[in-house]
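Novice: The structure under discussion is supplied below as structure tokens; questions concerning it will follow.
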């Protein structure tokens, strides 16, 4: 009898960790990173894509939304920055033009661990005299066979009015999505401001509203302007979040958020 009890205890100790691990692995976890890459230029003024790739690889996200992305621009050695970073991180790259600039193009970039089911570039409205802006959307299938949408954007830096019309456009376009959606980017707006309030009429924010985590500037973060949001609110849960301050790679901190996709 003692022998049988001992065997039962041993089997329980052996299989319990395996069950716990399987239960954790079955969760639909998605890690997303918002990162303004400063056109590949560092805060020291040199050009170092390896520094950007190092930060991304260490964060190990499933999706990355990058802002201030150059495509074959003179100042960036005529390189396709998203493809270069995709090669360095072993992720699928895609670029979305917001405007023509300096012999090339300038806009949004995204990286994904998963192949694209579809993509689109949504032009955002902008005021006269201000820079054009865009939102890039990826639709991808997770290993769990769930399909999600991932959006990266960069709002106007010039005026609050410009940012508000862009927030309204984001809500109008992506409220029609049939898949659970994540919105990521440099929104150039503080929590509680008009543009953020407009977005939060639809989107659930991931930051602490009582004590927002500052993301800019990277050498001494004082203000939060980089965000991760999701929609609909009942399909996602925040597991973890982290502000990554690399004072060399960019003047922005990267913002890493781990989400769990919930069943309907």
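Numbering (the numbering used here), first residue to last: 1 to 264. Backbone N, C-alpha and C define an ideal beta-carbon position, used for all residues, glycine too.
Select from 59, 252, 263 and 101 the residue whose C-alpha is nearest the C-alpha of residue 42.
Specialist: Working through the chain shown from its first residue, we reach residue 42 at position 42. Answer by Cα proximity: 252.
Novice: Enumerated in chain order, which unbroken segments of the alpha helix (DSSP H) with a length of 4 residues or greater are wholly contained in the segment 182–220?
Specialist: Taking only runs of at least 4 residues, the alpha helix (DSSP H) segments lying wholly in the segment 182–220 are 194–199.
Novice: Using a threshold of 9 Å, state whether the C-beta atoms of residue 150 and residue 133 are closer than that.
Specialist: Reading the chain shown from its first residue, position 150 is the one you call residue 150. Reading the chain shown from its first residue, position 133 is the one you call residue 133. Their beta carbons are not under 9 Å apart, which means residue 150 does not touch residue 133 by this criterion.
Novice: Go ahead and label residue 23 buried or exposed: buried means 16 or more other beta carbons lie within 10 angstroms of its beta carbon, across all protein chains shown.
Specialist: Here residue 23 refers to the residue found at position 23 of the chain shown. Because residue 23 sits at a pLDDT of 39, beneath the cut-off of 50, its placement in the model cannot be relied upon, and the point is left open.
Novice: For residue 56 and residue 89, what's the separation of their Cα atoms in angstroms?
Specialist: Here residue 56 refers to the residue found at position 56 of the chain shown. Here residue 89 refers to the residue found at position 89 of the chain shown. Spanning the two alpha carbons is a distance of roughly 7 Å.
Novice: Mind checking whether residue 280 and residue 170 have CB atoms under 9 Å apart?
Specialist: There is simply no residue 280 to check, as the chain begins at 1 and stops at 264 in what is shown.
Novice: May I ask you to list the residues that DSSP assigns as paired with residue 152?
Specialist: Position 152 of the chain shown, counting from 1, holds the residue named residue 152. Looking at the DSSP assignment, residue 152 forms a beta bridge with 136 and 184.
Novice: Taking the runs of the beta strand (DSSP E) that are 3 residues or longer, which of them lie wholly in the segment 57–107?
Specialist: Taking only runs of at least 3 residues, the beta strand (DSSP E) segments lying wholly in the segment 57–107 are 63–71 and 92–101.
Novice: Can you name, in chain order, every residue of its own chain whose Cβ lies under 7 Å from the Cβ of residue 70, other than the five neighbours on each side?
Specialist: Position 70 of the chain shown holds residue 70. Closer than 7 Å at the Cβ level, and outside the excluded window around residue 70, lie 39, 40, 76, 81, 104 and 106.
Novice: Check whether the segment 225–239 touches the segment 167–187, taking contact to mean three or more Cβ pairs, one atom from each stretch, closer than 8 Å.
Specialist: Yes, the segment 225–239 is in contact with the segment 167–187.
Novice: Leaving out five residues on either side along the sequence, give the residues of the same chain with a beta carbon under 8 Å from the beta carbon of residue 36.
Specialist: Mapped onto the chain shown, residue 36 falls at position 36. Only 66, 67, 68, 154, 186, 226, 250, 251 and 252 meet the Cβ criterion.
Novice: Is residue 249 helix, strand or coil by DSSP?
Specialist: Mapped onto the chain shown, residue 249 falls at position 249. Residue 249: coil per DSSP, three-state reduction.
Novice: On the criterion of 16 or more Cβ atoms from any shown chain inside 10 Å, does residue 163 qualify as buried, or is it exposed?
Specialist: The residue labelled residue 163 in the question sits at position 163 within the chain shown. Residue 163 is buried by the Cβ-count criterion.
Novice: Please report the Cβ distance between residue 110 and residue 244, rounded to the nearest whole angstrom; I am assuming they are in contact, meaning their Cβ atoms lie under 8 Å.
Specialist: For the purposes of this step, residue 110 is taken as residue 110 along the chain shown, with counting starting at 1. For the purposes of this step, residue 244 is taken as residue 244 along the chain shown, with counting starting at 1. Incorrect: roughly 18 Å between the Cβ atoms, too far for contact.
Novice: Straight-line CA distance for residue 196 to residue 131?
Specialist: In the chain shown, counting from the first residue as 1, residue 196 sits at position 196. In the chain shown, counting from the first residue as 1, residue 131 sits at position 131. Between residue 196 and residue 131, the C-alpha separation is close to 20 Å.
Novice: What are the boundary residues of the alpha helix (DSSP H) that includes residue 164?
Specialist: Position 164 of the chain shown, counted from the first residue, corresponds to residue 164. Counting along the chain, the alpha helix (DSSP H) containing residue 164 begins and ends at 160–174.
Novice: Take the Cβ of residue 257 as the centre, count every other Cβ of all protein chains shown within 10 Å, and call the residue buried at 16 or more, exposed below.
Specialist: Numbered from 1 along the chain shown, position 257 holds the residue referred to as residue 257. The residue in question, residue 257, is buried, as its Cβ has 16 or more Cβ neighbours within 10 Å.
Novice: Among the residues of its own chain, which have a CB less than 7 Å from the CB of residue 248, if the five just before and after it don't count?
Specialist: Along the chain shown, one-based indexing puts residue 248 at 248. Once the five neighbours on either side are set aside, the close Cβ partners of residue 248 are 42, 43, 44 and 51.
Novice: Which of the three DSSP states, helix, strand or coil, is assigned to residue 234?
Specialist: On the chain shown, residue 234 is found 234 positions in, with the first residue counted as 1. DSSP places residue 234 in helix when its eight states are reduced to three.
Novice: Ends of the beta strand (DSSP E) at residue 116?
Specialist: Here the question's residue 116 lines up with position 116 in the chain shown. Residues 116–124.
Novice: Three-state secondary structure (DSSP) at residue 263?
Specialist: Taking the chain shown and counting its residues from 1, the one referred to as residue 263 is at position 263. If DSSP states are grouped into helix, strand and coil, residue 263 belongs with coil.
Novice: Mind checking residue 234: buried by the 16 CB within 10 Å criterion, or exposed?
Specialist: The residue you call residue 234 lines up with position 234 of the chain shown. Flag for residue 234 reads exposed.
Novice: Using the DSSP secondary-structure output, state which residues sit across from residue 109 in a beta bridge.
Specialist: Within the chain shown, the letter at position 109 stands for residue 109. DSSP lists 66 and 95 as partners of residue 109.
Novice: Between which residues of its own chain and residue 159 is the CB-CB distance below 8 Å, once the five residues before and five after are set aside?
Specialist: Counted from its first residue, the chain shown places residue 159 at position 159. Same-chain partners within the cutoff: 127 and 130.
Novice: On the criterion of 16 or more Cβ atoms from any shown chain inside 10 Å, does residue 192 qualify as buried, or is it exposed?
Specialist: Indexing the chain shown from 1 puts residue 192 at position 192. Exposed: under 16 other Cβ atoms inside 10 Å.
Novice: In three-state DSSP terms, what is residue 256?
Specialist: Position 256 of the chain shown, counted from the start, is the residue given in the question as residue 256. Residue 256: strand per DSSP, three-state reduction.
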